[in-house]
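Going by our numbering, the sequence shown opens with residue 7, and the numbers climb by one from there.
Ideal placement from N, C-alpha and C gives every residue a C-beta, glycine not left out.
Below is one structure; the comments refer to it alone.
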Amino acid sequence: MKKLPYLLIGIRFILAPIILLLACFKGIESRFLIVALMYFGLLTDIFDGIIARKVGVSSEKLRRLDSQTDLIFWLSLGFASYFLNAELIKNEWPGILLLFIMEALCYVISIWKFGKETCTHAFISKMWGLSLLIAFTYLIGFQEVGWAFYLTIGLGLVSHIDVILIVLILPKWQFDVPSSYHAWKIRHGKQRKKTIFFN
C-alpha cells in the first residue's frame, strides 16, 4: 500500500503522452477516449493523496512529484485541445497566454526565493483544477468553449495570484499550504492546522 500513491502518480504521468498521441494520430475520433482518460487521471490524483495520508507516506518528495506530474498531465490535455480544436484555441489566445505567464511567474518567484518549485496544493488551485476538468470536457468532448472556459481563465488568474502571495509571504519553503491567509498565519508563528483536501 505504501507504494500505491507512487503508482497512481506514475499512471497519471504515463497518461500524458498517451493523450497527446491519441490527439495527434487519431484526431477527433479519439475525443471521448481522451475525456475518459482525463477523468481517470483525476481519480488517480484524488486517491494518491488520500492513500498517502492513510498509510503515512505523504512526504515532501511525494507531494513535489505529485505537483509536477499534475502540471505535465494538464499540459498534455491543453495541447490535445489545441490539436483537436486549433481554431477555437487560437481565438482565445490572450486568456491562455495569461495563464502560461502566471504559471511561469509562480515557478520563477518560488525558485528565486527558495530554490525550489511551488508545491502549495492550495484550495483555490484545486477549484481551478475542477474548472479545468469541465473546460476540457467542453473543448475536447464537444468542441465548444462556453462558460467553463472563461470560468477557468478567471479562477486560474485568482489561484496563481494566491500561490504567488503564498510564496512571497512564507518565511521558508513549505508544501501543502491551503491559502495565502494560512501562509500569513505560518509567518506570524501561529500553529498550522492539519487540513484535508482532495489530494
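Out of I175, F181, W179, state which residue places its alpha-carbon closest to the alpha-carbon of I191.
A small correction: the amino acid at residue 191 is Lys; Ile does not occupy that position in the sequence shown. If we check each option's Cα against that of K191, I175 comes out closest.
Using DSSP with H/G/I as helix, E/B as strand and the rest coil, what is M44?
DSSP places M44 in helix when its eight states are reduced to three.
Return the CA-CA distance between T201 and E66, expressed in angstroms with no decimal places.
Since pLDDT at T201 reaches only 43, below the 50 mark, its modelled position is unreliable, and no value is offered.
Extent of the continuous alpha helix (DSSP H) run through K132
Residues 129-142.
In this structure, does DSSP put G160 in helix, strand or coil?
Three-state DSSP puts G160 in a helix.
With C-beta atoms as the reference, is I102 less than 9 Å away from G121?
The answer is no: Cβ separation not under 9 Å.
Going straight from the alpha carbon of W99 to that of V151, what length do you get?
The alpha-carbon of W99 is positioned some 12 Å away from that of V151.
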